[in-house]
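In the working numbering, the protein residues as written are -8 to 444. Using N, Cα and C, we set each Cβ at its ideal position, and we do this for glycine too. Reviewing the structure listed below.
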Ligand code: MG
């Protein structure tokens, strides 16, 4: 029966183009479903609601609001805020759920809906399935006229967020930081927090604008060329860029180069120490840095909700993906690109320039490739890869099936084969200690997979 319920949620909430998959009708149903899901008998339920800078966000917000009210819950309205503020407010205001309207790093014609638990943690796949089931079966709670609740403005919780966030770090004042929010949801709050932390702040693309006139919301190398130039030209200590909803952060060093994602993750992980969680596609640099400080690395599936689940399960002190999505469980279970930025500023303010901190770490060649593959062929190919690809290497240490197939070699090299969840590709990610060895592993893996097509 479960298989017959159409899937609405992808790897990060509901996401799509406005009027294709994201409609006001869908938003109304999601509002009704979440309201139904959290509503308990005779209890007063509250749902936090926020949105990003997209042109369609207020329209979607109003439809969700109507849905929440229909279910008899209060709407705690945040207005335009970064995703981590929704997670924080849900926790701080002891709400029963949080809803963020955003398409994160997608282009302006997209939007999406992501759901949050009272701890600030994203809804798990099981919870998302429960929401899909309520929508599919139209099993909505409808409040009687005398049980319809109100909309409350809770936008001032942003000041608690700012103060609590600043308590998380110990920053020496005086650093010059260029912040590029990409006209997204962190445009106002991220520069304010950095100034309060004692930084001299230069803003770039910090006017909220759903057309994203400054740059596209994906903080990729191509989209950050202007930021990199400005960091160098202004002799800043650091550049920070966010994606559209600021659950992610990218750092630029004082020379104007984008900090390597894996190395930055390794640096911050070893600074925090203890047990940390990362995904199967992160560099062995993370393991080596953690080994040095006597820490432990737990590997999980790609995706911030999997990282969050592994943090809870293992009582870990930190979790991060190479994409720049970091979770700080001492603060909140929602990935927070603004707190992540503060952590990097803290490192640099108390130690060396960022380029020097990163240069001290081992440099291992990483290769990320994709092979075109029809969706219908993916399962068979993955089965053949699991059965036969390890035999193509002569120093295999172990084969891990947490997410795709990850083959580790005795010298620390590894290769990960994963089918793309959204596109017609098989992805190959690999890392080795030398470029020659990395090329060998790539050649072997690529030829083996192409031989199956
Ligand atoms: Mg995001």
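> On the three-state DSSP scale, how would you describe residue 8?
Replying inline: Along the chain shown, one-based indexing puts residue 8 at 17. Strand, per DSSP.
>> Using DSSP's beta-bridge definition, name the partner residues of residue 104.
In response: Here residue 104 corresponds to residue number 113 of the chain shown, with the count starting at 1. Its beta-bridge partners are 5, 92.
>> Quick check for students: name the residue ranges of the alpha helix (DSSP H) that lie wholly in the region 313 to 399, counting only runs of 4 or more.
In response: The DSSP assignment places complete alpha helix (DSSP H) segments of no fewer than 4 residues inside the region 313 to 399 at 328 to 341, 345 to 350, 369 to 379, in order along the chain.
> Quick one: is residue 250 buried, meaning 16 or more other Cβ sit within 10 Å of its Cβ, or exposed?
Replying inline: Within the chain shown, residue 250 is the residue found at index 259, counting from 1. Buried is the call here.
>> Taking the alpha carbon of residue 306 as the reference point, which residue from 273, 266, 376, 6 has its own alpha carbon closest?
In response: Within the chain shown, residue 306 is the residue found at index 315, counting from 1. Closest option to residue 306, Cα to Cα, is 266.
>> Let me check you understand the geometry: is the CB of residue 181 closer than 6 Å to at least one non-hydrogen atom of the ligand MG?
In response: Here residue 181 refers to the residue found at position 190 when the chain shown is read from its first residue. For the ligand MG, not one heavy atom lies less than 6 Å from the Cβ of residue 181.
> Can you tell me the Cα-Cα spacing of residue 58 and residue 353, whole angstroms?
Replying inline: Residue 58 sits at position 67 when you count from the first residue of the chain shown. Residue 353 sits at position 362 when you count from the first residue of the chain shown. Residue 58 and residue 353 have their C-alpha atoms spaced approximately 52 Å apart.
> From which residue to which residue does the alpha helix (DSSP H) around residue 427 run?
Replying inline: Your numbering for residue 427 matches position 436 in the chain shown. 426 to 443 is the extent of the alpha helix (DSSP H) around residue 427.
> Are there 16 or more other CB atoms within 10 angstroms of the CB of residue 281, so buried, or fewer, so exposed?
Replying inline: Along the chain shown, one-based indexing puts residue 281 at 290. Burial is judged here by how many other beta carbons sit within 10 angstroms of a residue's own beta carbon; residue 281 has at least 16 and is buried.
> Exposed or buried, which one is residue 10 when buried takes at least 16 other CB atoms within 10 Å?
Replying inline: Within the chain shown, numbered from 1, the residue matching residue 10 stands at position 19. Exposed: under 16 other Cβ atoms inside 10 Å.
> What first and last residue would you give for the alpha helix (DSSP H) that runs through residue 74?
Replying inline: Your numbering for residue 74 matches position 83 in the chain shown. Following the DSSP letters along the chain, one finds residue 74 inside the alpha helix (DSSP H) bounded by residues 74 to 83.
> Roughly how many angstroms lie between the CA atoms of residue 55 and residue 21, to the nearest whole one?
Replying inline: Here residue 55 refers to the residue found at position 64 when the chain shown is read from its first residue. Here residue 21 refers to the residue found at position 30 when the chain shown is read from its first residue. Answer to the nearest angstrom: the Cα atoms are 7 Å apart.
> Between which two residues does the beta strand (DSSP E) carrying residue 291 extend?
Replying inline: To locate residue 291, count along the chain shown from 1; it is residue 300. Per DSSP, residue 291 belongs to the beta strand (DSSP E) from 287 to 291.
> Mapping DSSP to helix, strand and coil, what is residue 199?
Replying inline: Walking along the chain shown from the start, residue 199 turns up at place 208. Residue 199: coil per DSSP, three-state reduction.
> Should residue 239 be listed as close to the ligand ATP, given that the test is whether its C-beta is under 6 Å from any heavy atom?
Replying inline: The model depicted lacks the ligand ATP and carries the ligand MG instead.
>> Per DSSP, what are the beta-bridge partners of residue 140 in this structure?
In response: For the purposes of this step, residue 140 is taken as the residue at position 149 of the chain shown. Bridge partners of residue 140: none, in fact.
>> So for residue -8, helix, strand or coil by DSSP?
In response: In the chain shown, residue -8 corresponds to position 1, counting from 1. Its pLDDT being 48, under 50, residue -8 is placed unreliably by the model, and the measurement read from it follows with that caveat. Looking at residue -8 - three-state DSSP - the assignment turns out to be coil, as it is neither helix nor strand.
>> Taking 7 Å as the threshold (C-beta atoms), are residue 301 and residue 276 in contact?
In response: Within the chain shown, numbered from 1, the residue matching residue 276 stands at position 285. Within the chain shown, numbered from 1, the residue matching residue 301 stands at position 310. It is not a contact, given that the beta carbons lie outside the stated cut-off.
> Got a sec: does the ligand MG put a non-hydrogen atom nearer than 6 Å to the Cβ of residue 234?
Replying inline: What you label residue 234 is simply residue 243 of the chain shown in a count that begins at 1. Yes, the beta carbon of residue 234 sits closer than 6 Å to at least one heavy atom of the ligand MG.
>> Taking 8 Å as the cut-off, does the region 65 to 74 touch the region 161 to 176 (at least 3 CB pairs, one atom from each stretch)?
In response: yes
> To which residues does DSSP link residue 406 through a beta bridge?
Replying inline: Within the chain shown, residue 406 is the residue found at index 415, counting from 1. DSSP lists 398, 421 as partners of residue 406.
>> Please classify residue 405 as buried or exposed, where buried requires at least 16 other C-beta atoms within 10 Å of its C-beta.
In response: One-based indexing of the chain shown puts residue 405 at position 414. The residue is buried, with at least 16 neighbouring Cβ atoms inside 10 Å.
> Counting pairs of beta carbons, one from the region 145 to 158 and one from the region 193 to 204, are three or more of them closer than 8 Å?
Replying inline: no
> What is the C-beta distance between residue 61 and residue 6, in whole angstroms, given that I count them as a contact (C-beta under 8 Å)?
Replying inline: As a first step, residue 61 must be located in the chain shown, where it is residue number 70. As a first step, residue 6 must be located in the chain shown, where it is residue number 15. Contact flag wrong, Cβ pair sits at about 24 Å.
>> What does DSSP give as the partner residue(s) for residue 269 in the beta ladder?
In response: Looking up residue 269 in the chain shown gives position 278. BP columns for residue 269 point to 290, 311.
> Can we count residue 274 as close to the ligand MG, meaning its CB is less than 6 Å from some heavy atom?
Replying inline: The sequence position of residue 274 within the chain shown is 283, counting from 1. Flag unset: Cβ of residue 274 not near the ligand MG.
> Would the beta-carbon of residue 78 fall within 7 Å of that of residue 364?
Replying inline: One-based indexing of the chain shown puts residue 78 at position 87. One-based indexing of the chain shown puts residue 364 at position 373. Cβ distance not < 7 Å, so residue 78 and residue 364 don't count as in contact.
> DSSP on residue 133, reduced to helix/strand/coil?
Replying inline: Within the chain shown, residue 133 is the residue found at index 142, counting from 1. Coil at residue 133, not helix or strand.
> Does the distance from the C-beta atom of residue 263 to that of residue 322 stay below 7 Å?
Replying inline: Here the question's residue 263 lines up with position 272 in the chain shown. Here the question's residue 322 lines up with position 331 in the chain shown. No, Cβ-Cβ distance for residue 263 and residue 322 is not below 7 Å.
> Looking at residue 95 and the ligand MG, is the gap between the Cβ and the nearest heavy atom below 6 Å?
Replying inline: Start at 1 with the first residue of the chain shown, and residue 95 comes out as number 104. For the ligand MG, at least one heavy atom lies less than 6 Å from the Cβ of residue 95.
> Which residues in the same chain as residue 337 place their Cβ atom closer than 6 Å to its Cβ, once the five residues preceding and following it in sequence are excluded?
Replying inline: Looking up residue 337 in the chain shown gives position 346. Excluding sequence neighbours, residue 337 sits near 160, 162.
>> With H, G and I counted as helix, E and B as strand and the rest as coil, what does DSSP make of residue 240?
In response: Translated into the one-based positions of the chain shown, residue 240 becomes position 249. In the structure shown, residue 240 sits in a strand (DSSP, three-state: E or B).
> Once you ignore the five residues that flank residue 348 on each side, which residues in its own chain have a CB closer than 7 Å to its CB?
Replying inline: As a first step, residue 348 must be located in the chain shown, where it is residue number 357. Result list for residue 348: 258, 338, 342, in chain order.
> Leaving out five residues before and five after residue 443 in sequence, what residues of the same chain have Cβ atoms less than 7 Å from its Cβ?
Replying inline: The count along the chain shown starts at 1 and reaches residue 443 at position 452. The answer, listed in chain order, is 372, 375.
>> Rounded to the nearest angstrom, what separates residue 334 and residue 428 at their Cα positions?
In response: Here residue 334 corresponds to residue number 343 of the chain shown, with the count starting at 1. Here residue 428 corresponds to residue number 437 of the chain shown, with the count starting at 1. Answer to the nearest angstrom: the Cα atoms are 34 Å apart.
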